[in-house]
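Straight run, no breaks: the sequence shown in UniProt numbering ends on number 187.
Note that the Cβ used here is the ideal one computed from N, Cα and C, for glycine as well.
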Amino acid sequence: MSPSSGRPNGTRSGRRGRRRGRRLTTVDETSAGGLVIDEDRAKAVVIGRLDRRGRLLWSLPKGHIEDGETPEQTAVREVKEETGITGEVVRSLGSIDYWFVAENRRVHKTVHHYLLHALSGELSDEDTEVTEVAWVALDDLDGRLAYADERRLVRKAVQLLSESTTTPLEGEVSFSDGLDAPKGRNQ
């Protein structure tokens with residue numbers, strides 16, 4: 001018996017102790033990228049990156065917004081850098097918002113996604129952050145993309161594409177149009 005607690009030695013109360021340590025610095029990051037579709041609206045470009053465990057994870061091309069850039073300009077630049085494809089922004093697909101921890105920082109990330117029409121270029125994985133680049137049939141994207149929030153975004157984009165076969169794709173998709181901004185990210 002411990003004289004101070006009245007419990008047998010080596011036992012704990014039901015309370016859990018608080019972890020003591022440094023608080024992580026919180027930072028906000030904003031990126032932009034998009035879903036690039038081919039001329040026939042049948043395929044989209046995806047990129048593959050290796051995760052920390054060496055697994056190839058497929059996702060939409062995206063990257064940090066540089067000083068003086070709009071999110072739309074960033075989407076076009078990042079798509080070109082990561083895939084080799086020059087695209088033109090057609091419309092906004094909304095934003096994805098999530099948190100993660102990296103390099104002893106807690107990161108709040110917002111990624112603005114756009115629907116882009118491929119204008120020119122050939123697939124290239126010369127970007128050091130990208131392991132592979134591929135055209136994938138729109139119908140196969142749901143099974144290929146690693147992140148649930150991107151799969152939801154693509155499903156909505158495919159729905160918009162099918163509804164607009166006779167009208168040009170223009171304008172802004174608002175969350176009231178049925179595209180819900182996912183709150184979390186499965187990483």
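Is residue i helix, strand or coil when you go by DSSP?
i           : result
residue 29  : strand
residue 162 : helix
residue 152 : helix
residue 63  : strand
residue 49  : strand
residue 86  : strand
Candidates the options: which alpha carbon is nearest residue i's?
i           : options             : result
residue 126 : 116, 73 and 47      : 47
residue 161 : 36, 22, 51 and 28   : 36
residue 65  : 151, 75 and 117     : 75
residue 192 : 99, 118 and 128     : It is not possible to answer for residue 192, since the shown part of the chain is limited to 1 through 187.
residue 28  : 68, 58, 101 and 164 : 101
If I measure Cβ to Cβ from residue i and keep anything under 6 Å in the same chain, skipping five residues before and after, which residues do I get?
i           : result
residue 158 : 138
residue 63  : 31 and 78
residue 26  : 106
residue 23  : none
Assuming residue i and residue j make a contact with CB atoms under 8 Å, what is their CB distance in whole Å?
i           : j           : result
residue 133 : residue 145 : Rounded, the Cβ-Cβ distance is 14 Å, inconsistent with contact.
Excluding five sequence neighbours on each side, which residues of the same chain lie with their C-beta closer than 7 Å to the C-beta of residue i?
i           : result
residue 86  : 80, 119, 120 and 121
residue 136 : 43, 44, 46 and 144
residue 89  : 72, 75, 76, 114 and 116
Do the region 81-94 and the region 106-119 meet, that is, are 3 or more Cβ pairs less than 8 Å apart? Output reads yes: the region 106-119 touches the region 81-94.
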